[in-house]
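Chemist:
2 protein chains.
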Amino acid sequence: MLSYTEENYLKAIYHLSGAGERPVLTNELAETMQTKPASVTDMVKKLSAKNLIAYEKYYGVNLLKQGKLQALQIIRKHRLWETFLVNKLGFTWDEVHEVAEQLEHIQSGLLIEKLDKFLEYPTVDPHGHPIPDPSGKIKEVKQIPLADFPAYKKCTIRAVKNGSPSFLQYLSKIGIYIEASVSIVDKVEFDGSLEVSIDNKKRVFISREAAQNLMVTG
Amino acid sequence: MLSYTEENYLKAIYHLSGAGERPVLTNELAETMQTKPASVTDMVKKLSAKNLIAYEKYYGVNLLKQGKLQALQIIRKHRLWETFLVNKLGFTWDEVHEVAEQLEHIQSGLLIEKLDKFLEYPTVDPHGHPIPDPSGKIKEVKQIPLADFPAYKKCTIRAVKNGSPSFLQYLSKIGIYIEASVSIVDKVEFDGSLEVSIDNKKRVFISREAAQNLMVTG
DNA sequence: ATTATTTTTTAGGTTAATCTAAACTTTTAT
DNA sequence: ATAAAAGTTTAGATTAACCTAAAAAATAAT
């Protein structure tokens, strides 16, 4: 059984490594874990001793099979809980992260099984992120940033990349939501900002920065 | 902010003290906390320094106002979660305790507020135990053990006292549930066991022990 | 190719919650 | 009333997760 902290490390390693693609450095891990590099070294040795990650001094860590599976289980729980909070309890999408960070550590297979059923087996969370299945498999859907989508063509908002509360609140305020149908109607040369039509109803300006964090499908 | 462990101590003190009526001894606390008396002494000093309990050497501890309030908040959360697990997720009443022990420590006022609303402001949990209101107030209902109820008179099962999983499973099996209408139709002299009629439909024998753990109202 | 800089690790220490063993109170039993 | 038993506290260790400061390795810059 993993500790709360060990679980958080695995999750951070998963995200920082891009689902286990590249090695994660001590310093980046220290930053996301809000701790000191020296502490990371300690923990990384511990996880390595448990065969969850492969740790090589001065090089970084890589997720091993078991570690990746564990990380995916935690992500699964996190996203199921977020879905619950929004769909059932009426949280807004900018309010759920902190609470889900706690709920994801509850240990009960039965609970997650029943929660999944109660939510009718959702495949994405309120931010559009995919929910791994019980075995850790993820149904990836090809998405590109709205910033890279051709102008005048309709597309659908599928996910937010950086889901910080303030960004999410901003999106709500201007009327952008998951599944919204949008199209770029103008590009401002000066700063790369875009004028976007939402559901053929309203038009809003969004920064290049924001457009890079909105993932769409054609 | 209290630690997970501190919260559990407060809750245990609340229960062992009978809602704060009598002092709790180090040894009993050690037993329910599954730890050693020496560890209890340490923790009790800590909670005392935080003015949550009054600790007197060799005498025991008493809950102070703030400590009692905290304990009641945790109990509130525990019972709301149990209600959620049974009413919404389809857990049986013997499966919920362990999970609720974890969920009760989630820190989020908003979450409990919304959960309470989602459950439509329940006043008792699946075991018939009262759910404290947000300020910690409990609506006490006078109940007596079925064992002490007069024979032949109808009464209603309101709560279980010792809600161990095996007892709860046994109750389910013989058809006893919260809100069931029952009456004692025979008392066995030999061992104090009772023959009980449930909903005027079926008759079962229950031990004196069991009858003492079933709380009823007339 | 050295030197300087950055990154990472090691060494040694801290805190919360536990433990064991020994000392000390309180209670119980003669 | 005193001795034995039971209960409780103190003292000193341990473990997980962190820390700081110093040493070591890797990377970048002249």
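These protein sequence lines are chains F and W, in that order. Using the working numbering, you'd call the opening residue of the first sequence number 2 and step up by one each time. Using the working numbering, you'd call the opening residue of the second sequence number 2 and step up by one each time. Ideal Cβ placement from N, Cα and C applies to all residues, glycine included. Note that the structure is predicted; figures quoted are calculated from it, not measured.
#1: Are Ser-182(W) and Lys-143(W) close, meaning C-beta to C-beta below 9 Å?
#2: At which residues does the alpha helix (DSSP H) containing Asp-43(W) begin and terminate?
#3: Please state whether the Cβ-Cβ distance between Glu-96(W) and Ile-75(W) is less than 9 Å.
#4: Report all residues from its chain with a CB closer than 6 Å to the CB of Val-186(F); omit the five preceding and five following residues, and keep chain order.
#5: Do we get a CB-CB distance below 9 Å when we pair Gln-108(W) with the residues of chain F?
#6: So what does DSSP say about Arg-204(W), is it helix, strand or coil?
#7: Quick one, which of Arg-23(F), Asn-9(F) and Ser-208(F) has its alpha-carbon nearest Thr-33(F)'s?
#8: Quick one, which of Gly-110(F), Leu-64(F) and Ala-50(F) has its alpha-carbon nearest Arg-77(F)'s?
#9: Could you check whether Val-205(W) and Leu-147(W) sit closer than 9 Å to each other, using their CB atoms as the reference points?
#10: Going along the chain, which residues of the region 87 to 101 of chain W sit with their C-beta nearer than 9 Å to a C-beta in chain F?
#11: Opposite Asp-187(W) in the DSSP bridges: which residues?
#12: Going along the chain, which residues of its own chain have a beta-carbon closer than 7 Å to the beta-carbon of Leu-3(F), five neighbours each way excluded?
#13: Alpha carbon to alpha carbon, how far is Asn-201(F) from Ile-177(F)?
#14: Would you kindly check if the distance between the Cβ of Phe-119(W) and the Cβ of Gly-91(F) is under 9 Å?
#15: By the 10 Å Cβ neighbour count, where 16 or more other Cβ atoms means buried, how is Asn-163(W) classified, buried or exposed?
#16: Check each residue of the region 114 to 130 of chain F: if its Cβ is closer than 7 Å to any Cβ of chain W, include it; give the result in chain order.
#17: Report yes or no: is there a C-beta of chain F within less than 9 Å of the C-beta of Leu-65(W)?
#18: Where does Gly-110(W) sit, in a helix, a strand or coil, going by DSSP?
#19: Ignoring anything shorter than 3 residues or poking outside the region 57 to 130 of chain W, list the beta strand (DSSP E) runs there in chain order.
#20: Quick one: what's got a C-beta closer than 7 Å to Ala-13(W)'s C-beta in the same chain, skipping five residues either side?
#21: Straight-line CA distance for Gln-67(W) to Asn-52(W)?
#22: Grab the span of the alpha helix (DSSP H) containing Ala-13(W) for me, first residue to last.
#23: Round the Cβ separation of Ile-107(W) and Val-100(F) to the nearest angstrom and send it over; I've been treating them as touching at under 8 Å.
#24: Tyr-60(W) and Pro-24(W) - do their beta-carbons sit closer together than 9 Å?
#25: Bridge partners of Ser-182(F), per DSSP?
#26: Can you tell me where the beta strand (DSSP E) with Leu-169(W) in it begins and where it stops?
#27: Less than 9 Å between CB atoms is the rule here; does Leu-112(W) satisfy it with respect to chain F?
#28: When you compare the CB positions of Asn-88(F) and Val-161(F), do they come within less than 9 Å of one another, or not?
#29: Hey, out of Lys-115(W), Gly-219(W) and Val-189(W), whose CA is closest to Arg-209(W)'s CA?
#30: If we ignore side chains and look at the alpha-carbon of each, how far apart do Ile-54(F) and His-16(F) end up?
#31: Any beta carbon from chain F within less than 9 Å of Gln-170(W)'s own beta carbon?
#32: Going along chain W in order, which residues have a C-beta closer than 7 Å to the C-beta of Gln-103(F)?
#33: Does DSSP classify Leu-53(W) as helix, strand or coil?
#34: Would you kindly work out how many angstroms separate the C-alpha atoms of Ile-132(F) and Lys-47(F), rounded to a whole number?
#35: Specify the secondary structure class of Leu-215(W) as computed by DSSP and reduced to three states.
Modeler: In brief:
#1: Against the second sequence, residue 182(W) aligns to sequence position 181. Against the second sequence, residue 143(W) aligns to sequence position 142. Not in contact: Ser-182(W) and Lys-143(W) (Cβ atoms no closer than 9 Å).
#2: Numbered from its first residue, the second sequence carries residue 43(W) at position 42. Residues 38 to 50.
#3: In the second sequence, the residue the question calls residue 96(W) occupies position 95. In the second sequence, the residue the question calls residue 75(W) occupies position 74. Going by C-beta atoms, Glu-96(W) is not nearer than 9 Å to Ile-75(W).
#4: Walking along the first sequence from the start, residue 186(F) turns up at place 185. The answer, listed in chain order, is Glu-196 and Ser-198.
#5: The sequence position of residue 108(W) within the second sequence is 107, counting from 1. Gln-108(W) counts as touching chain F.
#6: Numbered from its first residue, the second sequence carries residue 204(W) at position 203. Strand at Arg-204(W).
#7: Locating residue 33(F) in the first sequence gives position 32, where the first residue counts as 1. Of the candidates Arg-23(F), Asn-9(F) and Ser-208(F), the one whose C-alpha sits nearest the C-alpha of Thr-33(F) is Asn-9(F).
#8: Sequence index remark: in the first sequence, residue 77(F) carries index 76 (1-based). Closest by alpha carbon: Gly-110(F).
#9: Here the question's residue 147(W) lines up with position 146 in the second sequence. Here the question's residue 205(W) lines up with position 204 in the second sequence. Cβ atoms of Leu-147(W) and Val-205(W): not closer than 9 Å.
#10: Lys-89, Leu-90, Gly-91, Phe-92, Glu-96, Glu-99 and Val-100
#11: Taking the second sequence and counting its residues from 1, the one referred to as residue 187(W) is at position 186. BP columns for Asp-187(W) point to Glu-196(W).
#12: Translated into positions along the first sequence, residue 3(F) becomes position 2. Within the same chain, Leu-3(F) has close Cβ partners Gln-71.
#13: The residue given as residue 201(F) occupies position 200 in the first sequence. The residue given as residue 177(F) occupies position 176 in the first sequence. Those two C-alpha atoms are separated by around 12 Å.
#14: Your numbering for residue 91(F) matches position 90 in the first sequence. Your numbering for residue 119(W) matches position 118 in the second sequence. Result yes, Cβ atoms of Gly-91(F) and Phe-119(W) sit closer than 9 Å.
#15: One-based indexing of the second sequence puts residue 163(W) at position 162. Asn-163(W) comes out exposed.
#16: Lys-115, Leu-116 and Phe-119
#17: Counting from one through the second sequence, the residue named residue 65(W) turns up at place 64. No, no contact with chain F.
#18: What you label residue 110(W) is simply residue 109 of the second sequence in a count that begins at 1. The answer is helix: DSSP assigns Gly-110(W) an H, G or I state.
#19: 61 to 64
#20: The sequence position of residue 13(W) within the second sequence is 12, counting from 1. If we look at Ala-13(W) and ignore the five residues flanking it on each side, its Cβ neighbours are Leu-30, Thr-33 and Met-34.
#21: On the second sequence, position 66 is the one that residue 67(W) refers to. On the second sequence, position 51 is the one that residue 52(W) refers to. Cα to Cα, Gln-67(W) sits roughly 7 Å from Asn-52(W).
#22: The residue you call residue 13(W) lines up with position 12 of the second sequence. That run of the alpha helix (DSSP H) goes 5 to 17.
#23: Here the question's residue 107(W) lines up with position 106 in the second sequence. Here the question's residue 100(F) lines up with position 99 in the first sequence. Ile-107(W) to Val-100(F), Cβ: 7 Å. Contact.
#24: By one-based count along the second sequence, residue 24(W) stands at place 23. By one-based count along the second sequence, residue 60(W) stands at place 59. Yes, the Cβ-Cβ distance between Pro-24(W) and Tyr-60(W) is below 9 Å.
#25: Translated into positions along the first sequence, residue 182(F) becomes position 181. Answer is Thr-157(F), bridged to Ser-182(F).
#26: Sequence index remark: in the second sequence, residue 169(W) carries index 168 (1-based). Taken as a continuous stretch (DSSP letters only), Leu-169(W) belongs to no beta strand (DSSP E), being part of the alpha helix (DSSP H) at 166 to 175.
#27: On the second sequence, position 111 is the one that residue 112(W) refers to. Output row for Leu-112(W): interface = yes.
#28: The count along the first sequence starts at 1 and reaches residue 88(F) at position 87. The count along the first sequence starts at 1 and reaches residue 161(F) at position 160. Contact flag unset, no.
#29: As a position in the second sequence, residue 209(W) is number 208, starting the count at 1. The shortest Cα separation from Arg-209(W) among Lys-115(W), Gly-219(W) and Val-189(W) belongs to Val-189(W).
#30: Within the first sequence, the letter at position 53 stands for residue 54(F). Within the first sequence, the letter at position 15 stands for residue 16(F). Going by the C-alpha atoms only, they are around 14 Å apart.
#31: On the second sequence, residue 170(W) is found 169 positions in, with the first residue counted as 1. Not one chain F Cβ lies under 9 Å of Gln-170(W).
#32: Here residue 103(F) corresponds to residue number 102 of the first sequence, with the count starting at 1. Within 7 Å Cβ-Cβ: Ile-107 and Gln-108.
#33: Here residue 53(W) is taken as the residue at index 52 of the second sequence, counted from 1. If DSSP states are grouped into helix, strand and coil, Leu-53(W) belongs with coil.
#34: Locating residue 132(F) in the first sequence gives position 131, where the first residue counts as 1. Locating residue 47(F) in the first sequence gives position 46, where the first residue counts as 1. Near 28 Å, if we compare the C-alpha coordinates of Lys-47(F) and Ile-132(F).
#35: Position 214 of the second sequence holds residue 215(W). Strand.
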